[in-house]
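Novice:
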Amino acid sequence: MEMIARRIRIRGVVQGVGFRPFVFRLAQRYGVRGWVLNGDAGVEILAEADAGALDEFLGALRAEAPPAARISEIMVEAAPCGDHATFEIRASLSAAAPTVRISPDLAICDDCTRELRAADDRRRGYVYINCTNCGPRYSIIQRLPYDRAHTTMSAWPLCGACRDQYDDPRDRRFHAQPVACEACGPTCRLIECAGGTPPGAANASGPQAVRRTAELLRKGAIVAIKGVGGYHLACDARRPDAVRLLRERKFRKEKAFAIMACDLAEAAALVELSAAHAALLTGAARPIVLARRRVELAGVAPDTDQLGVMLPYAPLHHLLFDAGAPHPLVLTSGNRSNEPIAYRDDDALERLSGIADAFLTGERPIARRIDDSVVTVRDGRPFVIRRARGLAPLPVAALPADEPILALGADLKNALTLVVRGEAIVSQHIGDLDEYETQRAFEQTVADLLDMYEIDRNRLTVAHDLHPEFFSTRFAQRLNAKRRIAVQHHRAHVASVAAEHGRLDQPLIGVALDGTGYGDNHGIWGCEIVTGSVRGGLVRRAWLRPVQMPGGDAAARFPVQAAAAFLQELDEAPDFSKPPFEFPPRFRDACRLIERNVRCFKSTSMGRLFDAVAALVGFTREISYEGQAAMWLEHRAALSQGDAPPYPFDGCDPRAMLREIIADRRRGEPIERIAARFHAGLADGLSRRVTEMEEAREGAIVALSGGVMQNELLVARLSSRLSAAGLRVITNSAVPVNDGGIGLGQAALAACSA
Ligand code: ZN
Ligand code: ZN
Ligand code: FE
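Throughout, the working numbering is defined as the position within the sequence shown, counted from one, plus 699.
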């Protein structure tokens, strides 16, 4: 048999995910000789065998790659035959690119889950079981290179048995940095708070702590449980008393809670799952998956037909369910309303002591806070709503940048984007930068990313929002960097879509439907149609007819206040304080502000138009979380039966539509039907507006983004109208359409303006 040799280079996330032992095992299987090592751009292999064996080896490399690996490219070239007697794992030649070295956190794998439950396994019931295919990564790394000594596991030296596995290339735990066992590793502890007193010493540890936690949860208690990226607050999702108590203590009135089902079968009974949903639920990232609910869990997700469900991803979750914890469990971020999630033990004990009845803490420290990711499915593809655990810091796009770019995002739903060697990575979700704690978290994450990816500040470009009052903008001005660039919010939304699709030169018609963003003219924008390309520049071409929006931030919290702005534009209007509208006095006050032009600003916000229509059909109270009125309106529309002809809308002026809504409401039309006709009118008017643009005839494609695009009903109709007119439509998938995607768009525009 003639021997031939191949040099194989594999790019993607292939380090720290068990790739080298996987290659080693394949080489044994097919009698391949040579070596494998971690190179500076990925994994490099020299493989020597006869042609048939090499083919099989290459096929298996692609087909059987470890679940956590993300192969972006395999390059194969001929190489001279050497004198290799065996196949070996060689030491790394040089330091790899940081984007190759840092893997996101991975859900527990099937093999480890089996061992966790096996009667004779030495890690049976061990809370921190993991292997090269699974376990924490980003959440425990303190610095590079990714070695145990540089993780939060450095305090626990390996025992002999763990060391043997760590050193054995045939073992699943070969070079698994966080490997540990009951004998040598950290454990968990339960601390119960007696009658509201601050937590004291641990009451139980290990399996006993897990059993007692399950018992407390069965009794309706709220337990703070340490997870992978921070603390959760947990309670029995089927106990309305426990759910209500959690809402009271957490100051979270109505916003939906996520739940954890014990397995896929239970999840499928709770929500409608397509194959794409199931793949997301069971994948290594293991996010919260939003899907249409099939059952009502009292108080868990009021006023929406969606439910966020996840499956166990840490060994502890399986252990809790195995120990008899109720399922599904409410599992919500361990924080007080808008604060960032608690991830340090002392901090959690202090901040959550009034909320939780007990704390199940773990000894393994968390290096950085990372919330659960939230993902849903659109057109069969993942649609990320919050990018965090399991996804951060994976690259989301390639950008033409030789020098590093740090894009700071927007002040709401903040996330950072860092471009290193042309790869754009998006940080974990940080939150709203109006809270002191979140601002600190933002600063920490900036420092952390610049450090971890070894960024040279003298070469750094910083991109930020155009809004002069944003915390992130002021931060950008203080940051030591080579160059600063301000990017208009809605251009960033549109550019984020182009960046994800690798279409920076593509002529676009960008449609950004949004809550608020600072405009070129210092007004507040939020329904913008731009044309051009990311490389050539995006020009504002059309927008919603501007109104005078009264009272700053309060307009976003009180739908009747937003309604005042739009209704003041009508020539004649009924008395909105009377039935069927019954607007509270705040409406009159807002009207007076507009009449006197006090504390008003020009606005084209689509989000506020949704609020105004929600107010007209009955949502007249203050919202208790961002986007609530619009979500409520979408839910009403989705409940509408029969036909819903679109209200008249030219894509710019909503007054005709508002007049009809008012008339229909006074006639006693069902609010579901009014809501549905509003959605239809909006989609049809906007799509006509777009299709009539000359760029549409010249082959531009349509990019949809902005927070309002989370509205599935609206986007489905808008996309189908545009597609029917022969236009190609693209939108975000890996980054959110909401402000979580702004950083990527800023980075793309900054990369193209170099
Ligand atoms: Zn594993
Ligand atoms: Zn051990
Ligand atoms: Fe936005």
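We put the beta carbon where it would ideally sit given N, CA and C, even for glycine.
Since this is a predicted model, take the numbers as computed values, not measurements.
1) If we call anything under 8 Å between Cβ atoms a contact, is L1308 one with P1353?
2) Residue ranges of each beta strand (DSSP E) run of no fewer than 3 residues wholly in the stretch 1118-1191, ordered along the chain?
3) Figure out for me which residue from Q1187, G1235, A1194, S1195 has the closest Cα to the Cα of T1215.
4) From L1030 to M959, what distance separates their C-alpha atoms?
5) Any contact between the stretch 1258-1265 and the stretch 1285-1300? By contact I mean 3 or more CB pairs, one from each, below 8 Å.
6) Take every Cβ of the stretch 902-914, pair it with every Cβ of the stretch 1003-1022, and state whether three or more of those distances are shorter than 8 Å.
7) Put W1331 into one of helix, strand or coil per three-state DSSP.
8) Would you say the beta carbon of A920 is closer than 7 Å to some non-hydrogen atom of ligand 3?
9) If you measure from each residue's Cβ to the nearest non-hydrogen atom of ligand 1, which ones come out under 5 Å, in chain order?
10) Measure the C-alpha to C-alpha separation of T1116 and L1148 and round it to an integer number of angstroms.
11) Using the rule of at least 16 other Cβ atoms within 10 Å of the residue's Cβ for burial, across every protein chain shown, is G1231 buried or exposed?
12) Could you tell me the boundaries of the alpha helix (DSSP H) in which F1265 lies?
13) Out of R822, E1122, A903, which one is the CA nearest neighbour of Q864?
14) Does the beta-carbon of L857, which I'm using as the reference point, lie nearer than 7 Å to any heavy atom of ligand 2?
15) Thinking C-alpha only, which one of I1441, E1062, M1392, R1420 is nearest G1481?
16) From P765 to G824, what does the alpha carbon distance come to, in whole angstroms?
17) In terms of alpha-carbon separation, which member of P1001, V1008, D1002 lies closest to A990?
18) Beta carbon of R1239, beta carbon of V1229: below 8 Å?
19) Starting from the C-beta of M1408, find all residues in its chain whose C-beta is less than 7 Å away, skip the five residues before and the five after it, and write them out in chain order.
20) May I ask you to report which of helix, strand or coil DSSP gives T886?
21) Might you give, ordered along the chain, the residues of its own chain that have their beta carbon closer than 8 Å to the beta carbon of L916, omitting 5 neighbours on each side?
22) Starting from T1075, trace the beta strand (DSSP E) in both directions and tell me its first and last residue.
23) Just to confirm my understanding: we take E1394, look at its own chain, exclude 5 residues before and 5 after, and list those with CB closer than 7 Å. What are they?
24) With which residues is W734 paired in a DSSP beta bridge?
25) What are the start and end residues of each continuous beta strand (DSSP E) run of 3 or more residues lying completely inside the stretch 1348-1429, in chain order?
26) Where does the unbroken alpha helix (DSSP H) through Q864 begin, and where does it stop?
27) Could you check what DSSP says for V994 in three-state terms: helix, strand or coil?
28) Please state whether the Cβ-Cβ distance between D1164 and A1109 is less than 8 Å.
29) Going by beta carbon distance, what residues of the same chain come within less than 7 Å of P906, once the five residues before and after it are set aside?
30) Around the C-beta of E772, are 16 or more other C-beta atoms found within 10 angstroms, so that it is buried, or is it exposed?
31) Need the endpoints of the beta strand (DSSP E) that F756 sits in, please.
32) Hey, would you say the C-beta of A1162 is under 7 Å away from at least one heavy atom of ligand 3?
33) So, L815 versus H1017, is the Cβ gap smaller than 8 Å?
34) For ligand 5, any of its heavy atoms closer than 7 Å to the Cβ of P1245?
35) Applying the 10 Å Cβ sphere with the 16-neighbour rule, what's the burial state of M700?
36) Just checking my contact of D1070 with P986 at CB under 8 Å: how many whole Å lie between their CB atoms?
Specialist: Checking against the coordinates, here is how it stands:
1) Yes, the pair counts as a contact, with Cβ atoms nearer than the cut-off.
2) Whole beta strand (DSSP E) segments, 3+ residues: 1122-1125, 1160-1164, 1182-1186.
3) Of the candidates Q1187, G1235, A1194, S1195, the one whose C-alpha sits nearest the C-alpha of T1215 is Q1187.
4) Approximately 6 Å, taken between the alpha carbons.
5) Two segments are said to touch when three or more pairs of C-beta atoms, one from each, lie closer than 8 Å; by this definition the stretch 1258-1265 touches the stretch 1285-1300.
6) Cβ pair count under 8 Å is three or more, so yes.
7) In the structure shown, W1331 falls within a helical segment according to DSSP collapsed to helix, strand and coil.
8) A920: no, Cβ never under 7 Å from ligand 3.
9) Proximity to ligand 1 was defined by a C-beta distance below 5 Å to any of its heavy atoms, and the residues meeting it, in sequence along the chain, are C808, C811, C830, N832, C833.
10) Those two C-alpha atoms are separated by around 9 Å.
11) A buried status is given to G1231, since no fewer than 16 other beta-carbon atoms sit within 10 Å of its beta-carbon.
12) Counting along the chain, the alpha helix (DSSP H) containing F1265 begins and ends at 1258-1266.
13) Minimum Cα distance to Q864 is reached at R822.
14) Correct: L857 has its Cβ closer than 7 Å to ligand 2.
15) Any question about residue 1481 goes unanswered here, given that the chain covers just 700 to 1453.
16) Going from the Cα of P765 to the Cα of G824 covers about 24 Å.
17) Of the candidates P1001, V1008, D1002, the one whose C-alpha sits nearest the C-alpha of A990 is V1008.
18) Yes, the pair counts as a contact, with Cβ atoms nearer than the cut-off.
19) Excluding sequence neighbours, M1408 sits near L1212, V1414, T1430, V1436.
20) For T886, the secondary structure class from DSSP, reduced to helix, strand or coil, is coil.
21) Cβ neighbours of L916 beyond the five flanking positions: V922, A933, C934, D935, L1019, A1024, P1025, L1028.
22) 1073-1077 is the extent of the beta strand (DSSP E) around T1075.
23) Excluding sequence neighbours, E1394 sits near P1206, I1208, T1230.
24) Answer is L745, E787, bridged to W734.
25) Complete beta strand (DSSP E) runs here, min 3: 1400-1404.
26) The continuous alpha helix (DSSP H) containing Q864 extends over residues 859-866.
27) Here V994 sits in coil by DSSP.
28) For the pair D1164 and A1109, the CB atoms are nearer than the 8 Å cut-off.
29) Leaving aside the five residues that flank P906 on each side, the residues in its chain whose CB is nearer than 7 Å to its CB run, in chain order, G824.
30) With fewer than 16 Cβ atoms within 10 Å of its Cβ, E772 is classed as exposed.
31) F756 -> not in any beta strand (DSSP E); alpha helix (DSSP H) instead, spanning 750-762.
32) Flag unset: Cβ of A1162 not near ligand 3.
33) Taking 8 Å as the cut-off, the Cβ atoms of L815 and H1017 count as close.
34) Of the ligands one can find in the structure shown, namely ligand 1, ligand 2 and ligand 3, none is ligand 5.
35) The residue in question, M700, is exposed, as its Cβ has fewer than 16 Cβ neighbours within 10 Å.
36) Wrong, their Cβ atoms sit about 10 Å apart, outside the cutoff.
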